[in-house]
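Chemist: This structure is in structure tokens; I'll ask about it shortly.
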Ligand code: MV4
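Residue numbers (the working numbering): 72 to 744.
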């Protein structure tokens with residue numbers, strides 16, 4: 072076995088690989104970019120070497136530098152994780168030439184699976200089922216049209232060099248073929264530098280089912296069952312699970328055998344995933360093979376009790392596979408949810424910034440004893456800690472939340488509960504969306520296909536409802552308690568201090584001002600009583616009392632009910648976590664902005680670091696509320712900065728092409744009188 076390996080990656084997967092290496096007594100070398108100097112993956116490895124500036128092209132994609140660092144630090148092998156250099160055949164070859172082991176498949180196997188049409192020809196020969204279609208070399212438009220007519224519409228055109236859903240066009244009928252072919256080829260040449268396409272029968276409601284395979288250098292290859300990754304959004308997986316709901320033993324064996332045949336056909340070694348699409352009737356077809364360890368590998372680990380990274384290291388060191396096919400069993404059910412720094416209510420716009428508070432569900436390991444197989448009930452794979460930043464440079468995944476249950480129903484309940492315990496303050500996240508998803512009827516019924524999210528958009532993207540009274544009460548009590556604590560620090564002896572609310576012969580009432588993220592305003596009136604308050608809101612009046620408090624965790628009596636929650640304060644924002652929900656209430660302190668009269672309609676700031684791509688307003692221009700003024704690009708998306716009121720643009724502070732820091736004022740703006 073290796074004594075030392077280099078991990079050519081960052082984030083959760085680098086940490087994941089390091090954990091297994093540590094368990095096996097293997098020393099680890101981290102590499103990192105300037106943006107990651109304080110990252111978790113650097114901290115969990117035994118040593119770390121700087122690669123270069125933040126952009127991946129100057130750091131995590133610099134194969135030559137990484138190889139030089141491996142040689143200099145005495146690492147014997149390189150684990151590429153996923154993404155970055157993991158499927159780069161030239162890098163795998165360069166490792167071998169430098170005398171280093173690339174922990175992944177042979178370069179030839181990566182190349183064989185790199186071209187969709189060439190892979191399909193190989194799979195056809197190996198007897199792996201393919202969607203009816205044409206994947207040959209002939210690319211003449213009239214010829215391809217005849218092939219499409221023969222296949223029967225709808226037909227799907229795919230860029231041969233594409234993958235993961237890029238460069239695809241659905242053609243509904245013969246008349247639409249020519250234009251779709253031309254547009255598909257244009258996208259293929261600009262995205263992949265190769266305009267070769269293939270044509271397939273288009274399946275209307277497919278499921279994405281993939282088989283985990285493992286092969287060793289001694290000629291053995293086995294499958295570690297399937298994962299269902301049908302719940303996707305724009306080809307991004309959202310939830311993954313194993314086993315696939317509704318899978319029969321016969322079909323599992325047929326898909327497993329097909330996947331092993333696919334791997335053997337290309338001389339595969341190591342961990343790989345053969346992706347199929349399956350019809351609702353269970354028929355399945357080869358799509359592509361991913362020649363790396365995948366993001367969703369933990370669900371396979373949970374149901375098999377195996378450590379796939381350990382297997383990768385053993386296979387790479389030349390050991391035989393630790394188990395035979397007949398030794399493997401499926402235990403229970405596992406689900407994985409990808410926690411992302413993105414805003415589902417704003418088209419999943421990536422959200423970058425600092426994780427000011429990060430509370431993750433506690434990892435739950437079963438007690439030893441009892442059932443013969445005991446995986447963790449809850450596992451969190453994460454590459455970030457509280458205080459870390461999600462930067463615009465890399466994938467904005469915060470963590471993977473993985474749960475295990477004796478059956479799907481139990482796993483689902485645990486996932487919903489674990490998501491309720493996930494508390495993120497500092498950036499927008501998809502936790503509430505994931506919770507609605509796992510609690511949706513469609514997902515609970517395992518009515519899975521790749522259109523599930525779009526079809527259930529009405530329940531998944533619930534219109535912003537008003538903040539519940541319980542959350543308002545918690546925020547208000549937290550605020551008042553906070554003021555009390557502050558007052559105690561300064562004028563503890565003063566019974567007339569404004570925070571305590573005690574008045575001789577009078578009931579002191581106070582109106583608080585909160586605003587939610589949707590702009591709704593709340594003005595709860597708190598009347599101080601000897602042992603609590605009376606809360607009046609929207610014509611409703613209820614007695615409120617603090618029952619218990621432990622730091623940020625509060626128990627409050629609300630009429631006859633008691634409510635519990637966590638209130639985290641982030642500046643003027645109160646983040647209330649209660650009943651599985653996350654409500655943000657911005658407190659408008661009447662004193663905070665005293666003397667800052669120009670705040671209203673002041674400067675307009677960059678929502679995140681990025682580049683100015685268009686300046687639409689000119690200096691001195693009169694603009695109407697909502698008029699676009701500047702367009703920024705950040706994380707491959709455009710953001711329009713619009714006028715908040717009618718007003719005048721006094722000064723534009725950046726030009727097209729300028730790089731702008733997060734929060735930087737973009738222009739000086741004066742609201743119309
Ligand atoms: C298809 C298909 C329907 N019919 N092929 C998208 C990514 C790539 N791996 C394969 N993809 C698809 N190929 C035929 N002949 C539908 C998809 C597809 C899809 C597949 C898996 C998961 C999500 C998807 C979302 C949209 C389309």
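Every residue, glycine too, gets a C-beta built ideally from N, C-alpha and C. Values in this document were obtained by computation on a predicted structure and should not be read as measured data.
For the alpha helix (DSSP H) containing residue 215, list its first residue and its last residue.
Modeler: The residue you call residue 215 lines up with position 144 of the chain shown. From DSSP, the alpha helix (DSSP H) with residue 215 extends over 212-222.
Chemist: Which residues in the same chain have their Cβ closer than 6 Å to the Cβ of residue 574, if we skip the five residues on either side of it in sequence?
Modeler: As a first step, residue 574 must be located in the chain shown, where it is residue number 503. Residue confidence is low: residue 574 scores 49 on pLDDT, short of 50, so the model does not pin down where it sits. Its coordinate-derived value is still stated next. No residues qualify anywhere along the chain.
Chemist: Please say whether residue 611 and residue 627 have beta carbons closer to each other than 8 Å?
Modeler: Start at 1 with the first residue of the chain shown, and residue 627 comes out as number 556. Start at 1 with the first residue of the chain shown, and residue 611 comes out as number 540. No, the Cβ-Cβ distance between residue 627 and residue 611 is not below 8 Å.
Chemist: When burial is assigned at 16 or more other CB atoms within 10 Å of the CB, is residue 266 buried or exposed?
Modeler: By 1-based counting over the chain shown, the position of residue 266 is 195. Residue 266 counts as buried, since at least 16 other C-beta atoms from the protein chains shown sit within 10 angstroms of its C-beta.
Chemist: Quick check: is any heavy atom of the ligand MV4 less than 7 Å from the C-beta of residue 274?
Modeler: One-based indexing of the chain shown puts residue 274 at position 203. At least one heavy atom of the ligand MV4 is nearer than 7 Å to the Cβ of residue 274, so yes.
Chemist: If you count every other CB in all the chains shown that lies within 10 Å of the CB of residue 89, and 16 or more means buried, which is it?
Modeler: Numbered from its first residue, the chain shown carries residue 89 at position 18. Buried is the call here.
Chemist: Whose CA, out of 248, 234, 309, lies closest to the CA of residue 214?
Modeler: Numbered from its first residue, the chain shown carries residue 214 at position 143. Minimum Cα distance to residue 214 is reached at 248.
Chemist: Thinking just about the alpha-carbon of each residue, which of 325, 228, 376, 676 is nearest to the one in residue 272?
Modeler: As a first step, residue 272 must be located in the chain shown, where it is residue number 201. If we check each option's Cα against that of residue 272, 228 comes out closest.
Chemist: Since residue 181 is in the beta strand (DSSP E), which residue starts that stretch and which ends it?
Modeler: Looking up residue 181 in the chain shown gives position 110. Per DSSP, residue 181 belongs to no beta strand (DSSP E); it is in the alpha helix (DSSP H), 178-185.
Chemist: Would you mind reading off the limits of the alpha helix (DSSP H) that contains residue 502?
Modeler: On the chain shown, position 431 is the one that residue 502 refers to. Residue 502 -> alpha helix (DSSP H) spans 502-509.
Chemist: Express the C-alpha separation of residue 144 and residue 122 in angstroms, rounding to a whole number.
Modeler: Translated into positions along the chain shown, residue 122 becomes position 51. Translated into positions along the chain shown, residue 144 becomes position 73. Rounded to the nearest angstrom, the two C-alpha atoms are 13 Å apart.
Chemist: In angstroms, rounded to a whole number, what distance separates the CA positions of residue 180 and residue 163?
Modeler: Indexing the chain shown from 1 puts residue 180 at position 109. Indexing the chain shown from 1 puts residue 163 at position 92. Those two C-alpha atoms are separated by around 11 Å.
Chemist: Would residue 296 pass as a contact of residue 374 if the rule is Cβ separation under 8 Å?
Modeler: By one-based count along the chain shown, residue 296 stands at place 225. By one-based count along the chain shown, residue 374 stands at place 303. It is a contact, given that the beta carbons lie within the stated cut-off.
Chemist: On a CA-only basis, which of 478, 148, 129 is nearest residue 402? Give me that one, please.
Modeler: Here residue 402 refers to the residue found at position 331 when the chain shown is read from its first residue. Answer by Cα proximity: 478.
Chemist: Any contact of the region 414-430 with the region 495-514, i.e. 3+ C-beta pairs under 8 Å?
Modeler: yes
Chemist: Less than 8 Å separating the beta-carbons of residue 614 and residue 538?
Modeler: Taking the first residue of the chain shown as 1, we reach residue 614 at position 543. Taking the first residue of the chain shown as 1, we reach residue 538 at position 467. Between residue 614 and residue 538, the C-beta spacing is not below 8 Å.
Chemist: Of all the options 482, 352, 726, which has the alpha carbon lying nearest to the alpha carbon of residue 686?
Modeler: Within the chain shown, residue 686 is the residue found at index 615, counting from 1. The residue with the shortest Cα to Cα distance from residue 686 is 726.
Chemist: Helix, strand or coil for residue 670? Go by DSSP, reduced to three states.
Modeler: Numbered from 1 along the chain shown, position 599 holds the residue referred to as residue 670. Bear in mind that a pLDDT of 31 at residue 670, under 50, signals an unreliable position, so the model cannot answer this.
Chemist: What's the call for residue 317, buried or exposed, on a 16-neighbour Cβ count within 10 Å?
Modeler: Residue mapping note: residue 317 aligns to position 246 of the chain shown, counting from 1. Under this definition residue 317 is an exposed residue.
Chemist: Pairing CB atoms from the region 693-700 with CB atoms from the region 712-721, are three or more of them under 8 Å?
Modeler: yes
Chemist: Can you name the residues that DSSP bridges to residue 16?
Modeler: In the structure as shown, the chain starts at 72 and stops at 744, and residue 16 therefore has no counterpart that could be examined.
Chemist: Which of the three DSSP states is assigned to residue 711 in this structure?
Modeler: Counting from one through the chain shown, the residue named residue 711 turns up at place 640. Strand at residue 711.
Chemist: Starting from residue 327, follow the alpha helix (DSSP H) in both directions and report where the run begins and ends.
Modeler: On the chain shown, position 256 is the one that residue 327 refers to. That run of the alpha helix (DSSP H) goes 320-336.
Chemist: With DSSP run on the structure shown, which of helix, strand or coil describes residue 172?
Modeler: Stepping through the chain shown from its first residue, residue 172 is reached at position 101. Correct three-state label for residue 172: strand.
Chemist: Three-state secondary structure (DSSP) at residue 205?
Modeler: By one-based count along the chain shown, residue 205 stands at place 134. Here residue 205 sits in strand by DSSP.
Chemist: Measuring CA to CA, which of 334, 225, 394, 73 is closest to residue 177?
Modeler: Working through the chain shown from its first residue, we reach residue 177 at position 106. Sorting 334, 225, 394, 73 by C-alpha distance to the C-alpha of residue 177 places 334 at the top.
Chemist: Entirely within the region 351-421 and at least 3 residues each: give me those beta strand (DSSP E) ranges in chain order.
Modeler: Listed in chain order, the complete beta strand (DSSP E) runs (minimum 3 residues) inside the region 351-421 are 355-361, 404-411.
Chemist: Ignore the nearest five residues each way along the sequence and tell me which others in residue 83's own chain have a CB closer than 6 Å to its CB.
Modeler: Taking the chain shown and counting its residues from 1, the one referred to as residue 83 is at position 12. Excluding sequence neighbours, residue 83 sits near 452, 453, 454.
Chemist: Under the three-state reduction of DSSP, which class applies to residue 123: helix, strand or coil?
Modeler: For the purposes of this step, residue 123 is taken as the residue at position 52 of the chain shown. Here DSSP, grouped into helix, strand and coil, assigns residue 123 to strand.
Chemist: Among the residues of its own chain, which have a CB less than 8 Å from the CB of residue 758, if the five just before and after it don't count?
Modeler: Because the chain is modelled from 72 through 744, residue 758 falls outside the range shown and cannot be assessed.
Chemist: Could you round the C-beta distance between residue 101 and residue 112 to whole angstroms and report it? I think they count as a contact, below 8 Å.
Modeler: What you label residue 101 is simply residue 30 of the chain shown in a count that begins at 1. What you label residue 112 is simply residue 41 of the chain shown in a count that begins at 1. Residue 101 to residue 112, Cβ: 5 Å. Contact.
Chemist: DSSP puts residue 703 in a beta bridge; with which residues?
Modeler: Counting from 1 along the chain shown, the entry for residue 703 is found at position 632. According to DSSP, residue 703 bridges with 683, 710.
Chemist: Among the residues of its own chain, which have a CB less than 8 Å from the CB of residue 435, if the five just before and after it don't count?
Modeler: Here the question's residue 435 lines up with position 364 in the chain shown. Excluding sequence neighbours, residue 435 sits near 447, 448, 449.
Chemist: With three or more C-beta pairs closer than 8 Å as the rule, is the region 354-369 touching the region 212-226?
Modeler: no
Chemist: In angstroms, rounded to a whole number, what distance separates the CA positions of residue 724 and residue 704?
Modeler: Walking along the chain shown from the start, residue 724 turns up at place 653. Walking along the chain shown from the start, residue 704 turns up at place 633. The alpha-carbon atoms of residue 724 and residue 704 are separated by roughly 16 Å.
Chemist: How many Å lie between residue 680 and residue 414 at the Cα?
Modeler: Mapped onto the chain shown, residue 680 falls at position 609. Mapped onto the chain shown, residue 414 falls at position 343. Spanning the two alpha carbons is a distance of roughly 16 Å.
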